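S.K.: A single structure is presented below for examination.
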Amino acid sequence: MSEAVSAVSIASIAVPAPATSLFDRPALRFAVRRLLRFVVSLWVLMTAAFGMIYLIPGDPVRASLGITASQALVNERRHALGLDQPMLVQYGHYLAGLLSGNFGTSLASRLPVARIIADRLPATLELAVAAFVLAVVIAIPLGTVMGVLTRGGRARRAELAFTTTSVIIGAIPDFVVGVVLVWIVGVHLHWLPVAGRSGFGSFVLPVMSLAIGPAAILSRILRVEMITALQADYVRTARAKRLPALAVYLRHALPNALTATITLGGLLLSTMVAGTVLVENVFAWPGLGSTIVSSILTKDYPVVQGIVLVYGIGVLAVNLLVDIALALLDPRSTIRES
Amino acid sequence: MARWRAVLRTPVGVCASLGLLVLLVFAVIGPMVWSASASRTDVASMLQGPSGSHWAGTDNLGRDILARVLVATRLSVELALLATLLAVVIGILLGTAGFVLGRRAARIVAAVVNIVVAFPGLLLALFFAVIFGVGAQGAVLAIGLAGAPAFARLAQTLVASVEQRDFVAAARIAGVGRVRVLLRHVLPNIAEALIVNAAIGAGGALLAFASLSFLGLGVQAPAYDWGKLLGDGLTGIYEQPIAALAPGIAVIVAGLAFNLFGETLAKGVGLTTTLGRVPLGRTKRARATEPVSEEDDAVLDVADLVVTLPGHGGPIRPVRGVGFRIGRGEAVGVVGESGSGKSLTALAVSRLIEEPARVEASRLRFLGTDLRAGAARTHRRLLGTSLAMVFQDPMTSLNPTRRVGSQLAEVARQHGGLSRGAALALAIDRLRAVRVPAAQRRARQYPHEFSGGMRQRAMIGMGLMGTPALIVADEPTTALDVTVQRQVLDLLRSIRRENSVALLLISHDVAVVSQVCDRVLVMYAGRIVEDLPAAELAEGARHPYTRALVAAVPDMHTDLDRPLAAIPGRAPDPTRFPTGCAFAPRCALATDRCRTEEPLLETDDAGRRVACWHAELVGARA
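Residue numbers (the working numbering), protein chains in the order written: chain G, 6 to 343; chain C, 3 to 624.
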């Protein structure tokens with residue numbers, strides 16, 4: 006080995022990359038294309054949020070003020086909201102407002118929707134991020150280990166037990182998990198608070214309810230992907246290099262198994278964004294989810310509109326992040342999709 | 003239909019079908035039987051625990067909880083099915099719109115569906131719930147519409163796959179209208195997949211409905227479904243936990259029943275993965291087939307190599323008693339048809355065969371070390387630095403997620419203890435040695451940025467990271483085009499010359515082997531049938547199979563007007579090798595003895611080996 010090293014000419018001259026136009030780089034082209042898709046999706050989302058109000062049968066202002074309100078009050082409110090203008094003008098105002106951070110005004114509390122969202126968003130974000138991290142922290146080691154253990158038809162019993170358990174856990178809706186956790190931990194054991202958001206203890210149950218199902222699904226997917234990766238030619242190459250088993254699994258098989266897992270993990274993360282709505286309602290969590298439900302019930306449409314928009318942007322952002330993560334992990338993905 | 007029935011008879015299938023059946027029975031009879039006790043308020047027996055008259059206790063108005071959960075079955079299932087139906091119908095309309103309206107419409111619909119389908123169903127359901135208003139009817143519309151994009155996507159994919167088939171094209175050319183083609187030819191062919199997904203979708207719709215009702219946006223009092231019972235129960239969970247848990251369990255069981263039923267059907271329609279457990283039998287002692295030469299200058303010395311794979315009808319033995327030795331710097335080729343066991347032999351001597359396959363040998367020595375002794379890790383360093391592997395498909399043999407340079411450097415870091423920088427510098431040097439242009443830059447690229455020939459060079463360069471004594475190359479040029487083949491072979495040759503590395507070249511290509519190798523092993527049906535100097539391959543072969551292989555190679559003098567020479571018959575199936583000489587069924591010279599008695603691999607004075615009863619006759623015909 007030492008002879009070989011001494012033979013190396015370390016001071017090799019760097020070969021300059023051939024001069025190409027900026028757009029010849031696949032990574033950059035990918036970034037531009039992906040960003041464009043994000044912008045288009047965002048526009049569709051904003052238009053849908055705007056259109057939502059007009060698709061509601063009847064007059065939303067009348068609906069929100071109730072049948073006892075005088076016609077004068079309704080007209081005044083309509084005017085204040087700009088609802089008496091032509092639709093295209095309203096659409097223009099709406100988009101311009103959104104871009105300058107104006108999400109409208111709550112019909113019920115007369116507070117700016119942006120402020121309501123700013124108050125509530127952190128709680129929801131904390132919940133979603135913590136749950137996602139927990140799900141990943143559980144799923145990656147579990148799926149990897151199960152994949153290695155059950156590769157090529159090994160350990161059939163363990164495989165059956167794992168698959169069955171994860172299917173069942175994955176099929177339980179998160180709010181039912183929440184209710185069961187409230188019953189066991191809160192009602193029976195009195196260990197942790199079951200409502201509100203105060204201190205670390207109050208996080209445990211909501212985060213667990215959100216994370217358990219996705220963790221089960223994710224680890225199941227990862228196991229299957231690991232098994233596929235472990236059969237691949239490049240893993241045979243890694244074994245031919247006589248690397249330790251752990252290096253073969255973690256350095257060569259796992260990154261390849263993760264690409265498909267991330268795609269589905271992203272899907273789960275956006276489902277989790279929606280899942281917070283339910284879990285927040287189970288645990289009286291003061292986030293966007295409890296606000297949107299109460300606003301739907303009181304017909305406070307500007308608030309609903311604003312929160313739907315925030316959720317939608319959250320989902321779009323997650324999808325964007327997933328694609329970026331994929332591009333970093335597996336550079337082929339920037340070329341593959343077009 | 004027969005396929006479906008077969009799948010439903012599996013244990014999971016039976017469970018799922020039974021669960022679904024029970025669910026549907028309760029949905030039908032629930033309200034008829036228990037509606038009275040479900041609505042009878044009894045202030046005297048409020049919030050009781052489970053008892054003989056109230057199995058699951060009573061709620062805060064003294065109503066029987068179990069009865070309420072059972073009664074709610076109908077509404078829960080009914081609404082879920084309605085929403086699913088709506089989703090499927092809208093989905094099919096959207097998904098097939100392109101087929102009916104043409105390519106441009108198809109692209110627009112697909113683009114919209116693509117954007118919408120990225121949003122989680124519950125979020126869409128909330129959106130539509132705002133539009134359609136709170137209540138059961140609004141929730142059905144909301145969940146149905148929210149589920150539609152997924153079905154639209156599915157229908158699009160399915161239609162696209164059927165569209166290309168001949169019968170659709172034929173119907174169109176015959177002038178059948180698009181709608182008619184859709185109804186008569188396309189939909190019947192995608193119905194199976196749609197039904198399966200609808201079953202899974204119904205499970206999802208059931209959960210979505212429970213979610214909306216739980217939030218108070220779905221079913222409104224006095225009506226109740228499981229979601230509403232769950233929501234009401236949660237409020238009083240400290241007084242009466244069962245009121246929340248019972249509907250929760252109902253939701254889980256019903257959701258699972260739909261899901262499992264759908265998944266089971268899906269399995270029946272798609273690929274079945276029934277790789278059953280198969281026993282590994284004991285190996286019979288392989289017959290000694292080789293004269294022992296204990297000279298220590300051998301790089302590789304193998305005797306009685308047997309590879310056993312588990313199979314359905316008992317163990318399969320694709321390599322049965324192979325023995326050979328490779329001297330220092332010697333190039334040995336192994337030729338044979340696919341299935342002759344040549345690749346498995348290469349993997350077996352390289353210790354790359356994994357469980358459940360098994361390798362046995364009476365001798366397996368590499369550079370004087372017995373590879374049979376000790377665990378794989380004891381030989382890691384020796385094999386990692388002295389044995390280089392080159393595989394058939396350079397497209398898949400390099401890890402797509404890692405830079406080429408670091409894949410090479412890894413070897414030196416692992417076995418040479420080099421630092422990251424030194425290992426990478428060595429990798430670049432080796433890439434240069436295998437004539438990868440601009441090695442410095444190339445080392446930072448990923449395999450997909452390399453051409454096939456370049457990747458194979460990188461693989462060879464990987465083997466040169468240590469100081470190899472033997473390169474095992476398994477069909478290294480098969481996946482490459484002819485000009486690149488030439489370059490890779492030249493590279494292997496020059497590496498051998500410069501560093502006196504031995505080569506074990508596996509190939510089905512007799513021409514390649516005779517050019518590169520000193521000696522050739524001919525394998526047939528898991529055994530070596532002939533071992534001869536490469537120079538004698540063309541004229542001096544003594545086995546009819548070798549003769550046939552050589553004759554089948556077209557050259558510049560081959561008469562192109564006549565059919566190419568081929569060996570009649572087929573290579574034997576490793577699950578049942580014939581008794582006697584395995585080649586006898588395809589051999590023109592075969593006699594009764596060939597068919598009953600297997601010829602031994604005999605060594606002559608010159609060291610050549612052949613296993614044929616008629617070897618002298620074949621040799622004399624040259």
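We put the CB at the ideal spot given by N, CA and C, even for glycine. Bear in mind that the values here come from a model prediction, so they are computed numbers and not experimental data.
Keeping to the same chain, check which residues put their C-beta closer than 6 angstroms to that of alanine 513 of chain C; ignore five residues upstream and five downstream.
M.R.: Correct list, in chain order: Val555.
S.K.: Cβ atoms of alanine 279 of chain G and leucine 124 of chain C: under 8 angstroms apart, would you say?
M.R.: Result yes, Cβ atoms of leucine 124 of chain C and alanine 279 of chain G sit closer than 8 angstroms.
S.K.: If you follow the alpha helix (DSSP H) that leucine 314 of chain G is part of, which residue opens it and which one closes it?
M.R.: Run containing leucine 314 of chain G: 306 to 334, per the alpha helix (DSSP H) assignment.
S.K.: Would valine 337 of chain C pass as a contact of valine 524 of chain C if the rule is Cβ separation under 8 angstroms?
M.R.: Yes.
S.K.: Which residues, in chain order, does the region 142 to 158 of chain G contribute to contact with chain C at a C-beta distance below 8 angstroms?
M.R.: Listed by position along the chain: Gly157, Gly158.
S.K.: In the structure shown, what three-state DSSP assignment does isoleucine 239 of chain C receive?
M.R.: It is coil, neither helix nor strand.
S.K.: When the Cα atoms are used, what is the spatial distance from asparagine 80 of chain G to alanine 101 of chain G?
M.R.: One C-alpha to the other measures close to 24 angstroms.
S.K.: Distance check for leucine 196 of chain C and glycine 343 of chain C, CA to CA, integer angstroms please.
M.R.: Spanning the two alpha carbons is a distance of roughly 44 angstroms.
S.K.: Could you tell me the alpha carbon to alpha carbon distance between threonine 264 of chain G and glutamate 332 of chain C, rounded to whole angstroms?
M.R.: Using only the alpha carbons, I get a separation of about 43 angstroms.
S.K.: Do you know whose CA, among C/Gly229, C/Ala200, C/Leu354, lies nearest phenylalanine 211 of chain C's CA?
M.R.: Selected option, being the one with the closest Cα: C/Gly229.
S.K.: Per DSSP, what kind of secondary structure is tyrosine 99 of chain G in: helix, strand or coil?
M.R.: In the structure shown, tyrosine 99 of chain G sits in a helix (DSSP, three-state: H, G or I).
S.K.: Going by DSSP, name the residue or residues bridged to alanine 333 of chain C.
M.R.: In DSSP, alanine 333 of chain C forms a bridge with C/Leu505.
S.K.: With DSSP as the reference, label threonine 581 of chain C as helix, strand or coil.
M.R.: Correct three-state label for threonine 581 of chain C: coil.
S.K.: Which residues of the region 406 to 418 of chain C have a Cβ closer than 9 angstroms to any Cβ of chain A? Give them in chain order.
M.R.: Of the protein chains in this structure, namely G and C, none is chain A.
S.K.: Quick one: residues in its chain with C-beta nearer than 8 angstroms to the C-beta of isoleucine 267 of chain G, no 5 flanking neighbours on either side, listed in chain order?
M.R.: Correct list, in chain order: Val327, Ala330, Leu331, Leu334.
S.K.: Please report the residue range of the alpha helix (DSSP H) in which glutamate 412 of chain C lies.
M.R.: Run containing glutamate 412 of chain C: 406 to 417, per the alpha helix (DSSP H) assignment.
S.K.: From which residue to which residue does the alpha helix (DSSP H) around arginine 443 of chain C run?
M.R.: It spans 441 to 444 - the alpha helix (DSSP H) in which arginine 443 of chain C sits, taken as one unbroken run.
S.K.: Contact criterion: CB-CB distance below 8 angstroms. Does serine 215 of chain C meet it with respect to chain G?
M.R.: Not an interface residue.
S.K.: Please confirm if the region 245 to 252 of chain G is in contact with the region 138 to 150 of chain G, defined as three or more CB-CB distances below 8 angstroms between the two stretches.
M.R.: The region 245 to 252 of chain G is not in contact with the region 138 to 150 of chain G.
S.K.: Kindly list the residues whose CB is nearer than 8 angstroms to the CB of valine 188 of chain C, restricted to its own chain and excluding five residues on each side of it in sequence; keep chain order.
M.R.: The residues are Thr98, Phe101, Val161, Val164, Glu165, Val170.
S.K.: What are the residues in the region 335 to 357 of chain C lying within 8 angstroms of chain G by C-beta distance?
M.R.: Of all residues in the region 335 to 357 of chain C, Ser352, Leu354, Glu356, Glu357 have a Cβ within less than 8 angstroms of some Cβ in chain G.
S.K.: Bridge partners of isoleucine 530 of chain C, per DSSP?
M.R.: Per DSSP, C/Met525.
S.K.: Do you know how far the Cα of leucine 23 of chain C is from the Cα of threonine 510 of chain C?
M.R.: For the sequence presented, residue 510 of chain C should be read as histidine rather than threonine. The alpha-carbon atoms of histidine 510 of chain C and leucine 23 of chain C are separated by roughly 58 angstroms.
S.K.: Note down, in chain order, each residue of its chain lying with its Cβ closer than 8 angstroms to the Cβ of leucine 27 of chain G, except the 5 sequence neighbours on either side.
M.R.: Confidence is the limiting factor: at leucine 27 of chain G the pLDDT is only 49, short of 50, which leaves the residue's position unreliable, though a coordinate-based value still follows. Excluding residues within five positions, the ones whose Cβ falls inside 8 angstroms are Leu33.
S.K.: Ignoring anything shorter than 4 residues, give me the alpha helix (DSSP H) runs that lie fully in the region 458 to 485 of chain C, in order along the chain.
M.R.: Counting only runs of 4 or more, we get nothing.
S.K.: Taking beta-carbon pairs under 7 angstroms, can you tell me which members of the region 183 to 203 of chain G lie near chain C?
M.R.: Going along the region 183 to 203 of chain G in chain order, one finds Val184, Val185, Val187, Trp188, Val192 with a Cβ nearer than 7 angstroms to chain C.
S.K.: Classify glutamate 356 of chain C as helix, strand or coil using the three-state DSSP reduction.
M.R.: DSSP places glutamate 356 of chain C in coil when its eight states are reduced to three.
S.K.: Indicate whether the contact test is met: 3 or more Cβ pairs, each with one atom in the region 406 to 414 of chain C and one in the region 424 to 442 of chain C, closer than 8 angstroms.
M.R.: Verdict: yes, contact present.
S.K.: Distance cutoff 8 angstroms, beta carbons only. Does aspartate 1 of chain C sit that close to anything in chain G?
M.R.: Because chain C spans 3 through 624 in this model, residue 1 of chain C falls outside it and cannot be assessed.
S.K.: Can you find a C-beta in chain C that's less than 8 angstroms from the C-beta of aspartate 335 of chain G?
M.R.: Yes, contact with chain C.
S.K.: Would threonine 276 of chain C be called buried (16 or more neighbouring beta carbons within 10 Å of its own) or exposed?
M.R.: Residue confidence for threonine 276 of chain C is low, a pLDDT of 29 falling below 50, so the modelled location carries little weight; the figure read from the coordinates is stated next. Counting Cβ neighbours within 10 Å, threonine 276 of chain C comes out exposed, since fewer than 16 surround it.
S.K.: Here's a check: name, in chain order, each residue in its chain whose Cβ is nearer than 7 angstroms to the Cβ of leucine 420 of chain C, leaving out the five neighbours to either side.
M.R.: Contacts found: Ala414, Leu428.
S.K.: What does alanine 279 of chain G reach in chain C if we use C-beta pairs closer than 7 angstroms?
M.R.: The answer, in chain order, is Pro122, Leu124, Leu125.
S.K.: Need the endpoints of the beta strand (DSSP E) that valine 309 of chain C sits in, please.
M.R.: Its beta strand (DSSP E) spans residues 300 to 311.
S.K.: Could you say which of G/Gly294, G/Arg337, G/Pro336 lies nearest to phenylalanine 129 of chain C if we only look at CA atoms?
M.R.: Measuring from the Cα of phenylalanine 129 of chain C, the nearest candidate turns out to be G/Gly294.
S.K.: Using the three-state DSSP reduction, which class does proline 535 of chain C fall into: helix, strand or coil?
M.R.: Here proline 535 of chain C sits in strand by DSSP.
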